[in-house]
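So my numbering is basically just the index in the sequence shown, starting at one, shifted up by 85. For reference, the structure discussed in these notes is given below.
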Amino acid sequence: MKTLRHSAPTNILFLVYKALCQSLIIYCIRVWGGAAKTILIDLERAQRAVLKVMLHKPFRFNTDELYRDCRVLRVRQLFILRATMHMHRATLKSNNYEQLANQRVFKVPTPAIRTTFAGRQPHYLLPYVYNVVCRKLELRYLTTHQLKQTVTRH
């Protein structure tokens with residue numbers, strides 16, 4: 086990135102970032118979302134380091150300003166976006182979508198768990214995250230593209 090930042094404009098650098106870095110983060114995001122926060126912090130540090138090198142920012146540059154300038158989602162936000170998109174697609178394709186949509190509270194059933202370890206697994210965590218996002222935003226009748234824009238804005 087250091088050699089590329091001197092010869093390429095910023096929009097090309099963001100394309101390279103999304104093609105290389107963000108695609109690697111998204112590759113296993115459903116599994117990493119259930120990981121401990123210490124592992125997510127390491128991923129976020131790597132993401133911040135790449136962004137700072139790419140944009141010539143100093144080591145102590147404010148993280149919130151960095152993400153605001155770049156308009157890039159953090160690792161945890163990427164997990165929430167991908168989990169919501171995955172569950173929304175699955176909900177739209179399910180046989181009981183009409184029944185869910187007609188309920189007063191739009192909620193996808195989550196499996197019962199007994200341990201903390203099971204609560205970190207994608208089969209429980211994805212419906213749970215989707216239900217939390219549905220409580221804050223009205224996602225019931227959105228298409229996948231509209232859902233992505235709505236969740237990214239918030």
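Cβ atoms here follow ideal geometry from the backbone N, Cα and C, with glycine treated the same way. Predicted, not measured: the structure shown is a model, and the values here were computed from it.
| Given Gln132 as reference, the closest of Val217, Leu105 and Gly119 once Cα atoms are compared | Nearest to Gln132 by alpha-carbon distance, out of Val217, Leu105 and Gly119, is Leu105.
| task | Report the option in Pro207, Ala186, Phe99 and Asn187 whose CA atom is closest to the CA atom of Pro196. | result | When only C-alpha atoms are compared, the closest one is Pro207.
| Are three or more beta carbon pairs between the region 212-225 and the region 132-151 nearer than 8 Å? | The region 212-225 makes no contact with the region 132-151; the number of CB pairs closer than 8 Å stays below 3.
| message | Check this for me: beta carbons of Ala186 and Arg225, under 8 Å apart or not? | response | Against a cut-off of 8 Å, the Cβ pair of Arg225 and Ala186 comes out as a contact.
| said: So the candidates are Gln162, His230, Phe191 and Thr237; which of them puts its Cα closest to the Cα of Arg115? | reply: Per the C-alpha coordinates, the member of Gln162, His230, Phe191 and Thr237 positioned closest to Arg115 is Gln162.
| query | Since Tyr108 is in the alpha helix (DSSP H), which residue starts that stretch and which ends it? | reply | First, the residue type needs correcting, since residue 108 is Ser and not Tyr in the sequence shown. For Ser108, the enclosing alpha helix (DSSP H) begins and ends at Ser108 to Tyr112.
| said: Buried or exposed, going by whether 16 or more other CB atoms sit within 10 Å of the CB of Cys113? | reply: By the beta-carbon neighbour count (other beta carbons within 10 angstroms, threshold 16), Cys113 is exposed.
| message | Assuming His208 is part of the alpha helix (DSSP H), what are its boundary residues? | response | First-last of the alpha helix (DSSP H) with His208: Pro207 to Lys221.
| task | Give the C-beta separation of Thr237 and Leu166 to the nearest angstrom, bearing in mind that I take them to be a contact with Cβ-Cβ under 8 Å. | result | Contact holds; Cβ gap of about 6 Å.
| field | Of the residues Val160, Gln188, Arg156 and Gln184, the one placed nearest Leu109, counting alpha carbons only | value | Each of Val160, Gln188, Arg156 and Gln184 was checked against the Cα of Leu109, and the nearest Cα belongs to Val160.
| task | May I have the straight-line CA-CA distance separating Leu232 from Lys178, to the nearest angstrom? | result | Cα-Cα distance, rounded: 15 Å.
| Is it right to say His173 is buried, meaning 16 or more other beta carbons lie within 10 angstroms of its own, or is it exposed? | In the assembly as shown, His173 is a buried residue. Its beta-carbon has 16 or more other beta-carbons within 10 Å.
| query | To which residues of the same chain is Tyr102 closer than 7 Å at the C-beta, ignoring the five residues directly before and after it? | reply | The residues are Val135 and Met139.
| Three-state secondary structure assigned by DSSP to Leu166 | Looking at Leu166 - three-state DSSP - the assignment turns out to be helix.
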